[in-house]
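Contents: one structure, followed by commentary.
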Amino acid sequence: MLKEILIGASLASASLVAQAAYMNPENCDHFSGPYVGATGLYQSDNDKFTLIGAGKVGEDIRNLDVYAGHDGWGGGLFAGYGYVMDQTFLGAELYGNAVVGKQKLVSIGDDYYVAMKTPYSYGVTAKLGYLINPRALVYVGLGAENTQFRLSANTPKGNGDILDTHKWGIVPSIGMNLAIDCNWQVGAKLSYANYKSMDIPAYQDFKGGSVEPRRATFGINVTYHFI
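Oh and the sequence shown: position 118 is 367 in the working numbering, straight run, nothing missing.
Dropping the structure here:
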């Protein structure tokens with residue numbers, strides 16, 4: 250599904266750029282100065298689990314390199330500042346996102362499961378871009394993101410939360426913005442967050458393990474530029 254969204258967004262962006270190519274009737278500096286905005290998000294997690302559980306006769310079961318994830322939809326707010334020199338764009342941005350998604354169950358053994366959610370995150374991004382024309386900007390970004398991770402366990406003896414923590418990750422991104430007029434812009438952004446491994450504590454007969462979270466996020470945004 251993420252692939253179809255990206256293809257559709259790319260075609261739409263290319264069409265908008267073609268229509269706006271080299272048009273700047275307001276004679277505005279569209280991308281310099283402060284800005285704020287909102288975004289709609291589609292998020293896809295693919296997490297690497299290393300888990301230890303209990304089998305039918307009590308011996309340990311170890312599943313290495315078990316990948317599982319979940320899709321989610323959400324939204325976010327952001328604010329930043331940009332500077333344009335010739336056709337080069339430099340910028341910095343703060344943002345916060347919230348996502349509601351299906352909780353994925355990872356099977357460890359008979360009647361043993363672990364599930365993880367990432368309800369919200371916030372971060373900062375540095376941007377380097379190029380103005381295709383006065384109204385169209387493409388850019389790459391590199392940032393740091395702090396995410397809340399919630400893990401729960403399901404065992405024959407009951408269910409319970411086993412971890413609720415925050416962790417920083419590195420987030421590269423690519424994106425594009427198109428100015429509609431002097432103040433308003435629409436855009437799209439694709440980012441990929443990678444986090445270091447987290448230990449999963451033991452819970453009842455579940456012996457614990459570790460998880461390496463990975464997450465791709467695609468967003469469509471609307472920006473208001475102060476001039």
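Backbone N, C-alpha and C fix where the C-beta goes; we use that ideal spot for every residue, glycine too. A quick note: this is a predicted structure, and the numbers were derived from the prediction, not measured.
Query                                                                                                                                                                  : Result
Reducing DSSP to helix, strand and coil, say where Ser446 ends up.                                                                                                     : coil
Helix, strand or coil, according to DSSP, for Ser401 in the structure here?                                                                                            : strand
Do three or more CB pairs link the region 464–474 to the region 276–293 at distances below 8 angstroms?                                                                : yes
Count the other CB atoms within 10 Å of the CB of Pro383; is the residue buried (16 or more) or exposed (fewer)?                                                       : buried
Going by C-alpha distance, which of Gly457, Ala465, Phe475, Ser293 is nearest Val363?                                                                                  : Gly457
Quick one: what does DSSP say Ile429 is sitting in, helix, strand or coil?                                                                                             : coil
Helix, strand or coil: how does DSSP classify Lys366 here?                                                                                                             : strand
Output yes or no for whether 8 angstroms exceeds the beta carbon distance between Val373 and Leu343.                                                                   : yes
For Ala393 and Ile381, what's the separation of their Cα atoms in angstroms?                                                                                           : 27 angstroms
Cβ of Ser281 within 8 angstroms of Cβ of Gly331?                                                                                                                       : yes
For Lys406, which of helix, strand or coil comes out of DSSP?                                                                                                          : coil
Can you tell which of Gln434, Gly325, Pro421 has its C-alpha closest to the C-alpha of Phe475?                                                                         : Gln434
With 16 other CB atoms within 10 Å as the buried threshold, where does Lys406 fall?                                                                                    : exposed
Roughly how far, in whole angstroms, is the beta-carbon of Ile411 from the beta-carbon of Ser401, given that I think they are within contact range, below 8 angstroms? : 6 angstroms
Measure the Cβ-Cβ separation of Val460 and Phe298 and say whether it is below 8 angstroms.                                                                             : yes
If you run the structure through DSSP and keep just helix, strand and coil, what is Asp335?                                                                            : coil
Would you mind stating whether Met365 and Phe338 have Cβ atoms separated by less than 8 angstroms?                                                                     : no
Ignore the nearest five residues each way along the sequence and tell me which others in Ala465's own chain have a CB closer than 6 angstroms to its CB.               : Ser293, Tyr441
Buried or exposed: which applies to Leu427, given that a residue is buried once 16 or more other Cβ atoms fall within 10 Å of its Cβ?                                  : buried
To which residues does DSSP link His415 through a beta bridge?                                                                                                         : Gln397
Would Ala341 pass as a contact of Tyr369 if the rule is Cβ separation under 8 angstroms?                                                                               : no
Kindly indicate which three-state DSSP category Lys456 falls into: helix, strand or coil?                                                                              : coil
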